[in-house]
DNA sequence: TTATTAAAAGACACAGAAGTCCTTTAATAA
DNA sequence: TTATTAAAGGACTTCTGTGTCTTTTAATAA
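Protein chains in written order, with the working numbering: chain A, 31 to 180; chain B, 31 to 180.
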C-alpha cells in the first residue's frame with residue numbers, strides 16, 4: 031500500500047514519540063537498529079520528517095531526534111502525505127487516468143468504499159494513538175527478533 | 031495497490047472478454063491502442079496471461095487473443111496472483127516482517143479488515159462480472175479520450 | 001577556542017518495474 | 001509451397017525506489 035520509506039517513517043515517528051524526550055534524544059543509529067532499518071536510509075527519512083516539522087532534530091553531542099509537540103497533534107495522514115503523497119487515496123483501482131462517479135471503472139464503487147474508510151482511519155489516527163497501543167502492550171513496532179517469544 | 035502490469039492485465043482481460051470471439055480475435059496492437067497501453071508492453075503481459083491459460087492466443091493471419099472459457103470462470107484474484115502474487119493480501123500495513131494476531135503492528139486489526147474485504151471481493155468477482163458492468167454501460171475500461179463527454 | 005559528536009546534504013550504486021526493439025516461431029491464405 | 005501475418009521470446013534501455021558513502025555543518029563539552 032505505502033512505500034517502504036513511508037512505512038519506515040510511520041514506525042520511526044511512533045518510536046521517537048515512545049522513547050525520546052527533549053533531554054534524552056535518539057540518534058539515527060539507535061532508531062535504525064531498534065527498528066531494523068538501514069541506518070543511512072533511516073537518516074534520509076528522518077531528515078525529511080524534520081524538514082516537514084513532524085519531528086525535531088539537534089546536532090552535536092547529545093543531539094538526535096525528539097518531538098516537541100504532542101503526538102496527538104500528528105496525524106498519520108500527514109506523515110503519509112509527506113512521504114508518499116495522497117495519490118493512493120484518489121487514484122483508480124485499475125490505474126485508469128479518469129475514474130470518477132461519472133466515468134467509473136468496474137471496480138470504482140467497491141474500491142471507493144475501502145479507500146474512504148482508510149482515509150478516515152489515517153486522518154483520525156495520530157502518532158499518540160499508536161504510542162498508546164504500543165506502550166499498552168497491545169501492539170508492536172519493533173520486528174520480532176530471532177527466537178523471541180512474542 | 032497493484033502494479034501497472036496487473037492493472038493492464040485486468041483491463042485487457044475484460045476488454046478481450048468483451049470484444050473477442052474465437053472467430054474474431056483481437057491483436058496486441060488493437061488491445062493496446064484501445065486501452066491506451068504501450069503496445070510492446072501489452073504484448074509481454076498478454077503473453078503472460080496466455081501462458082497461465084487465462085486467455086488464449088493464435089499466431090498468424092487472423093490470429094490474436096480471445097477467451098475459450100467462460101469469463102465467469104476467471105476470478106480477478108487469479109489474474110492478480112499471476113501478475114503481482116498475493117503478497118499484498120498477506121503483508122503488514124507498516125511493512126513489518128512479522129505481523130500477526132499474536133504480534134500485531136498498531137495498524138493490524140483495522141488493516142486486516144480492509145485486506146480481508148478486498149480479498150473476498152477479488153475472490154468473488156469474475157471477468158464476466160466486469161464485462162456485464164461495462165456492456166451494461168454502468169462502467170468503463172477505456173480511458174476517456176480528450177473532449178469525450180462521459 | 002578546540003575537539004568531538006551527530007545531523008544535513010549531496011553524490012553514488014543497485015535492483016526491480018516499466019517500456020522498447022529485434023529476431024524467431026507458427027499459423028494461414030494465396 | 002511460399003509469402004504473409006501476428007504472437008513468442010529475448011536482449012536491451014530507462015526510470016524510480018531503495019540503499020550506501022563521503023563531506024559539510026552545527027552544536028556542545030572540555
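Glycine included, every Cβ here is placed at the ideal spot set by N, Cα and C. Predicted model only: the values in this text are computed from it and were never measured.
By the DSSP assignment, the alpha helix (DSSP H) with residue i in it spans what residues?
i: residue 35(B); result: 34-49
In this structure, how does DSSP classify residue i when only helix, strand and coil are distinguished?
i: residue 95(A); result: strand
i: residue 61(B); result: helix
i: residue 116(B); result: coil
i: residue 163(A); result: helix
i: residue 79(B); result: helix
i: residue 137(A); result: coil
i: residue 56(B); result: strand
i: residue 128(B); result: coil
i: residue 174(B); result: coil
i: residue 72(A); result: helix
i: residue 67(B); result: coil
By a C-beta neighbour count over all protein chains shown, 10 Å radius and 16 as the cutoff for buried, is residue i buried or exposed?
i: residue 120(A); result: exposed
i: residue 173(A); result: buried
i: residue 102(A); result: exposed
i: residue 39(A); result: buried
i: residue 169(A); result: buried
i: residue 37(A); result: buried
i: residue 44(A); result: buried
i: residue 41(B); result: buried
i: residue 130(A); result: exposed
i: residue 166(A); result: exposed
i: residue 90(A); result: exposed
i: residue 156(B); result: buried
i: residue 136(B); result: buried
i: residue 68(B); result: exposed
i: residue 116(B); result: exposed
i: residue 70(A); result: exposed
i: residue 164(B); result: buried
i: residue 125(B); result: buried
i: residue 161(A); result: buried
i: residue 123(A); result: buried
i: residue 93(A); result: exposed
i: residue 113(A); result: buried
i: residue 179(A); result: Residue confidence for residue 179(A) is low, a pLDDT of 48 falling below 50, so the modelled location carries little weight; the figure read from the coordinates is stated next. Its Cβ having fewer than 16 others within 10 Å, residue 179(A) is exposed.
Which residue marks the beginning of the beta strand (DSSP E) containing residue i, and which one marks its end?
i: residue 87(B); result: 86-88
Could you name the residues that DSSP lists as bridge partners for residue i?
i: residue 156(B); result: 105(B)
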